[in-house]
Amino acid sequence: MPRTRTRVRAVTLTAAATMLVAVGAVSYNASAAELAGGPRPRPVASPSVIDPPAGAVRLGSYRVTRGTQTYTCTGGVFTGASVPEAKLAGPGGLLHHFKGPSWQSVRDGSLVTATKTAERARTGTIAELLLTINSHSGATDGLLAGATHIQRLYTSGGVAPAGACTDGTTKAVPYGALYVFWRK
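Per mature numbering (1 follows the signal peptide of the UniProt record, and there is no 0), the sequence shown runs over residues -32 to -1, 1 to 152.
Right under this line is the structure:
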């Protein structure tokens, strides 16, 4: 009986290995054919209207891990102005994004505040932006100390609620984005 089990296992393993090799060869050939005959995929570029200035060097990219845009009802509708509140994660650690708009490094306390320079509207989500940093505070050698510009890219959600509302009420709307920090 043990010899039969050993033979069955050996045959099963051999068959499985043969299948994996066959599937791998077909998959590899199909991928090579797709690349040879068709256009190569290109990375998604940011729209030129919100590109940082020529010569800017990227400091890091930070993804919103949890974020909201909060709107206040005025005149029976939620206004276009919003207040951000977000946690971002990236190569330098965690950032806190809040009213100002401001960004602060959780690790070293460096803080920047920025002003919108350009925007690109997107259907069904908040706009992508280029912001120019107008103030620095906190750690002078901190993570954000040398930053001059910020891009908000690949946005999702965050749009003001539609419909009537009661003046003074607020509504926090979840959003996502990638923030890229630049130095000139």
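C-beta atoms are modelled at their ideal positions from N, C-alpha and C, and glycine is treated no differently.
Small disclaimer: the values here were computed from a predicted structure and weren't measured.
- Judged by their CB atoms, Gly92 and Val51 are not nearer to each other than the 8 Å cut-off.
- Taking the CA atoms as reference points, Leu112 sits about 20 Å from Arg34.
- Taking C-beta atoms as the reference points, Leu62 and Val80 fail to come closer than 8 Å.
- For Pro142, the closest of Arg26, Tyr39, Gly23 by C-alpha to C-alpha distance is Tyr39.
- A residue is called buried once 16 or more other Cβ atoms fall within 10 Å of its Cβ, and Pro21, having fewer, is exposed.
- Residue range 79 to 90 is occupied by the beta strand (DSSP E) that includes Lys84.
- In chain order, Ala132 place their CB closer than 6 Å to the CB of Gly44, counting only its own chain and leaving out the 5 sequence neighbours on each side.
- According to DSSP, Cys41 shares a beta bridge with Phe46.
- DSSP places Val17 in the helix class (H, G or I) of the three-state scheme.
- Beta-bridge pairing by DSSP links Ile118 to Leu99, Phe149.
- Under the DSSP assignment, Lys55 falls in the beta strand (DSSP E) whose first and last residues are 51 to 58.
- Pro129 and Ile94 have their C-alpha atoms spaced approximately 12 Å apart.
- Put simply, of Lys152, His117, Arg90, Cys41 the residue whose alpha carbon is nearest the alpha carbon of Trp71 is His117.
- If you ignore the 5 residues before and after Tyr122, its C-beta comes within less than 7 Å of the C-beta of Ala145, Leu146, all in its own chain and listed in chain order.
- A straight line joining the alpha-carbon of Ser16 with that of Asn102 spans about 22 Å.
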